[in-house]
């Protein structure tokens, strides 16, 4: 048992924290809200090799473990960085898994291709809303028996959808995304997509965990500063206890995210279930933390001026890209309880 | 990171199992259930005679050459078979404290006898008027030559009706702030003036209220300095922590899920086929995993030489609150089946019992309010919210 980051991971955390603090400032996040994507930030990420860092070194990637990717996603989430990073990392993993994806993967590494992934299989040729699709050059999707990389002909634009969390959402329809590259077929295609969505769960849980940590920090700082009835509101037990409650659940969320990454990296049989748990619990704690912090801002929390609203909206928006949590809970029940004797 | 917790006692598990196969009597569990007393004198005496209680203790005070890891494995095997050893838990805690702070006379008189299983010590901190605010104790101890005269009452002195001694927190100085006027004493429960009255609890455990009227305690049985009781209690609290954890059986949620696979719901189909039931059980499983991880973190910090104070509070807060959510959800999930006790109900009434015993989890060992205060002040750096007394 060792619950600490390795020295390399600590160094990685330090450098990506600095990167996002410089490149995903509150101003930049707000400026990118409508589009859901900050091209300048994306270029810096490409220069740092981040979109392909989880790809094997022999395929031109960084050879990072999922535990390493989690370190990066936490820091991206902390700054609510306006890039669809979990989706891009997941799409890169899918492109890397098929020889047919080699050219696109190289494009991702060079910054010519922004990738994303449709988390739910296409139905009647459409999947929507897909995070990142409004700005992506390629969408990896499961269409029936085929895992495909879809792209748009020159001059055909994706239509961005206005949304809760500034996530560059767009519907993906094969009529618009008409160029189609088959990456895998049959069970292989379904298995690869399933596994990729499981990776996305862990990475999105990590992003939510970073979001949660920052939402808590913002709330704690605010209640120490803000005075009411002649004292800092941090004096009031109702304030303290609600923050203590979310901080405690938050420690659990952090552990669960790292455990889910460890389980994937080690091939633990509980990996799929832990990924679902991590996403569900990280989403719940991030939302509760952001909501508590916003509430303790009083009326200011309800204004757009304060940053806490950026966190409150994304805490709900990021996990919902996968669909309603009740489906995840049912699938988790099947993972956990549908064993031998059924 | 590495989330595999190796079993520190793995090499002793088989021997501990063999010990229990030979000595453990299943009727002890029924007795515990029937009496509500979490202490079995027959078992306790046996553990003392076989040197298991004295494993790892200094030889000059009756320590034995039994491997302490083996002894711990045996205790965990006993626990896994459904028997609590509260009498030993409190005796061990106080005896370790005595070894640290008491007079040589007290050490010689108490420690070897405790390790032989002849002395059983219970805790006397809580009073009718003070629980979480333990330093507000009103029990008085007044010096009279070589003795102290003790008057007052204690609440929740569990196992007192089976024990020989009680570890009393008493006020010896009323002229100083409340934390600075306390002293600890080891009093005999058969001393004149001691009265033990049963108190029955919701979870089926029998505890006691104990009353002390001009009870005389020799000064040699004063444990630690006069007015130094608060510091002594902190020594005792350090010894309250266990570290090694036995590999667990299925959780209550897993047991209910297993049951729900075949148990029919109102429409005749297995309960687990009801998506709402599946969702609720899955959500509870997440709580269980989070509780487990927070406990794992406490053990990891302790194992790497740290003091997991805040993390211990977090683990206790989360798991106890989660326990109460769990029993609420599980009782509703079972519906009318959750009403039935013991053999009349599913899983031998485990859910009904869990519902009755859950409330105490957020009360004892520091209430949830105390834990939140610790997290707020020490983790989040928020100011102290109540007057310092």
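Protein chains in written order, with my numbering: chain A, 1 to 342; chain B, 343 to 731.
Quick reminder that beta carbons are idealized off the backbone N, C-alpha and C, glycines included.
Reduced DSSP secondary structure (H/G/I, E/B, other) of residue i
i, result
"residue 459 of chain B", "coil"
"residue 381 of chain B", "coil"
"residue 405 of chain B", "coil"
"residue 274 of chain A", "helix"
"residue 549 of chain B", "strand"
"residue 351 of chain B", "coil"
"residue 710 of chain B", "helix"
"residue 590 of chain B", "coil"
"residue 650 of chain B", "coil"
"residue 684 of chain B", "helix"
"residue 193 of chain A", "helix"
"residue 391 of chain B", "helix"
"residue 399 of chain B", "coil"
"residue 306 of chain A", "coil"
"residue 182 of chain A", "strand"
"residue 187 of chain A", "helix"
"residue 128 of chain A", "strand"
"residue 231 of chain A", "strand"
"residue 542 of chain B", "strand"
"residue 559 of chain B", "strand"
"residue 726 of chain B", "coil"
"residue 226 of chain A", "coil"
"residue 164 of chain A", "coil"
"residue 352 of chain A", "The first residue shown for chain A is 1 and the last is 342, placing residue 352 of chain A beyond what the model contains."
"residue 2 of chain A", "strand"
"residue 269 of chain A", "coil"
Segment limits, beta strand (DSSP E) that includes residue i
i, result
"residue 506 of chain B", "That residue, residue 506 of chain B, is in no beta strand (DSSP E); it is neither H nor E in DSSP."
"residue 176 of chain A", "Element bounds for residue 176 of chain A: n/a, residue is neither H nor E."
"residue 151 of chain A", "146-151"
"residue 115 of chain A", "115-117"
Residues sharing a beta bridge with residue i, DSSP
i, result
"residue 246 of chain A", "According to DSSP, residue 246 of chain A bridges with nothing at all."
"residue 527 of chain B", "B:510 and B:564"
"residue 465 of chain B", "B:509"
"residue 137 of chain A", "Note: residue 137 of chain A sits in no beta bridge, so no partner."
"residue 537 of chain B", "B:553"
"residue 482 of chain B", "B:493 and B:513"
"residue 142 of chain A", "A:147"
Residue i, enclosing alpha helix (DSSP H) - first and last residue
i, result
"residue 20 of chain A", "7-23"
"residue 328 of chain A", "325-337"
"residue 98 of chain A", "Element bounds for residue 98 of chain A: n/a, residue is neither H nor E."
"residue 639 of chain B", "617-645"
"residue 692 of chain B", "692-699"
"residue 438 of chain B", "428-443"
"residue 421 of chain B", "410-422"
"residue 74 of chain A", "66-78"
"residue 31 of chain A", "26-31"
"residue 679 of chain B", "From DSSP, residue 679 of chain B is part of no alpha helix (DSSP H); its letter is neither H nor E."
Among the options, nearest to residue i - alpha-carbon criterion
i, options, result
"residue 2 of chain A", "B:647, B:729, B:703 and B:716", "B:647"
"residue 155 of chain A", "A:45, A:27, A:179 and A:215", "A:179"
"residue 21 of chain A", "A:39, A:63, A:33 and A:77", "A:77"
"residue 529 of chain B", "B:548, B:554 and B:522", "B:554"
"residue 454 of chain B", "B:465, B:399 and B:469", "B:399"
"residue 684 of chain B", "B:349, B:630 and B:376", "B:376"
"residue 326 of chain B", "B:569, B:714 and B:503", "Since the first and last residues shown for chain B are 343 and 731, residue 326 of chain B lies out of range."
"residue 93 of chain A", "A:79, A:80 and A:109", "A:109"
"residue 412 of chain B", "B:465, B:354 and B:681", "B:354"
"residue 661 of chain B", "B:677, B:631, B:644 and B:451", "B:631"
"residue 125 of chain A", "A:136, A:146, A:134 and A:106", "A:146"
"residue 80 of chain A", "A:39, A:285, A:209 and A:195", "A:209"
"residue 280 of chain A", "A:139, A:30 and A:206", "A:206"
"residue 247 of chain A", "A:171, A:161, A:212 and A:12", "A:212"
"residue 728 of chain B", "A:333, A:310, A:326 and A:241", "A:241"
Legend entry - Members of the stretch 250-261 of chain A near chain B, C-beta cut-off 7 Å: 251, 252, 255, 256, 258 and 259
Legend entry - Cβ-based contacts, 7 Å cut-off: residues of the stretch 656-680 of chain B near chain A: 656, 659 and 660
Inset, instruction - Quick one: which residues of the stretch 66-88 of chain A get their C-beta closer than 9 Å to a C-beta of chain B? List them in chain order. - result: 67
Legend entry - Near-chain A residues of the stretch 620-638 of chain B - C-beta to any C-beta below 9 Å: 620, 621, 622, 623, 624, 625, 627, 628, 629, 631, 632, 633, 635, 636 and 638
Legend entry - Contacting positions in the stretch 694-728 of chain B - beta carbon closer than 9 Å to chain A: 710, 711, 713, 714, 715, 716, 717, 718, 719, 721, 722, 723, 724, 725, 726, 727 and 728
Legend entry - Contacting positions in the stretch 324-341 of chain A - beta carbon closer than 7 Å to chain B: Of all residues in the stretch 324-341 of chain A, only 326, 329, 330, 332, 333, 336, 337 and 341 come within less than 7 Å of chain B when Cβ atoms are compared, listed by chain position.
Legend entry - Near-chain A residues of the stretch 343-356 of chain B (beta-carbon distance less than 9 Å), N- to C-terminal order: Listed by position along the chain: 343, 344, 345, 346, 347 and 348.
Legend entry - Residues within the stretch 91-114 of chain A neighbouring chain B, beta-carbon criterion of under 7 Å: none
Legend entry - Contact list for the stretch 601-619 of chain B against chain A, Cβ threshold 7 Å: 603, 614 and 617
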